[in-house]
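S.K.:
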Amino acid sequence: MYVPFENLPEESKIWIYQSNRKFSDAEFSEIETALQSFLEGWAAHGTSLESSYQLKYNRFIIIAVDQDVQAATGCSIDSSVEFIQSLEQKYNVDLLDKMNVTFKLGEHIAHKPLIDFKKMVKDKAVTENTIVFNNLVNNIEEYNESWEVPAMDSWHSRFF
Numbered sequence: 000m001y002v003p004f005e006n007l008p009e010e011s012k013i014w015i016y017q018s019n020r021k022f023s024d025a026e027f028s029e030i031e032t033a034l035q036s037f038l039e040g041w042a043a044h045g046t047s048l049e050s051s052y053q054l055k056y057n058r059f060i061i062i063a064v065d066q067d068v069q070a071a072t073g074c075s076i077d078s079s080v081e082f083i084q085s086l087e088q089k090y091n092v093d094l095l096d097k098m099n100v101t102f103k104l105g106e107h108i109a110h111k112p113l114i115d116f117k118k119m120v121k122d123k124a125v126t127e128n129t130i131v132f133n134n135l136v137n138n139i140e141e142y143n144e145s146w147e148v149p150a151m152d153s154w155h156s157r158f159f
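Just so it is clear: in the sequence shown, position 157 is 156 by numbering that gives the first Met the number 0, and no numbers are missing.
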């Protein structure tokens, strides 16, 4: 069951999927419609999941579920991954590769393989103050506080 994102409690579990390219506005509009439809029917063991989403920067898909109402289970998580895989195929994008880094270069959002990001650190093209997207956050509270942060405040700090 879809609920507005702002109505979910801060402890709600989230999954963040980053695209290897920017979606067009038309693509993002289609994705929003598909997400809303998917979440309306998303369930665990026959019980609706109180869930929501956010789309950010034409690049990120954030899915959230209130685990206190009904926890997402293995099968329901599998169905969400299958949904994300269907988006990958439809739009010819990569949403599941965790070996990429997305970060801000001024107002531009850059997406690089981890190896290229490490090289940029070495070449001082990015610094500890570069804003990175920490997609390892686990819940809405962490998402609100620690998703867009200077590299020194995330797991990216190990490269400096």
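Virtual Cβ for every residue (Gly too), placed ideally from N, Cα, C.
1. With DSSP run on the structure shown, which of helix, strand or coil describes W14?
2. Count the other C-beta atoms from every protein chain shown that fall within 10 angstroms of the C-beta of M98, then say buried if there are 16 or more, exposed otherwise.
3. Pop quiz: V64 and S11 are said to be a contact at Cβ under 8 angstroms. What is the actual Cβ separation, rounded to whole angstroms?
4. Report all residues from its chain with a CB closer than 6 angstroms to the CB of S153; omit the five preceding and five following residues, and keep chain order.
5. Measure the C-alpha to C-alpha separation of S51 and E140 and round it to an integer number of angstroms.
6. With H, G and I counted as helix, E and B as strand and the rest as coil, what does DSSP make of L86?
7. Is the number of C-beta pairs between the region 28-35 and the region 69-76 that are closer than 8 angstroms three or more?
8. So, with DSSP's three-state summary, where would you put L135?
M.R.: Let me lay it out:
1. strand
2. exposed
3. 6 angstroms
4. V131, N133
5. 15 angstroms
6. helix
7. no
8. coil
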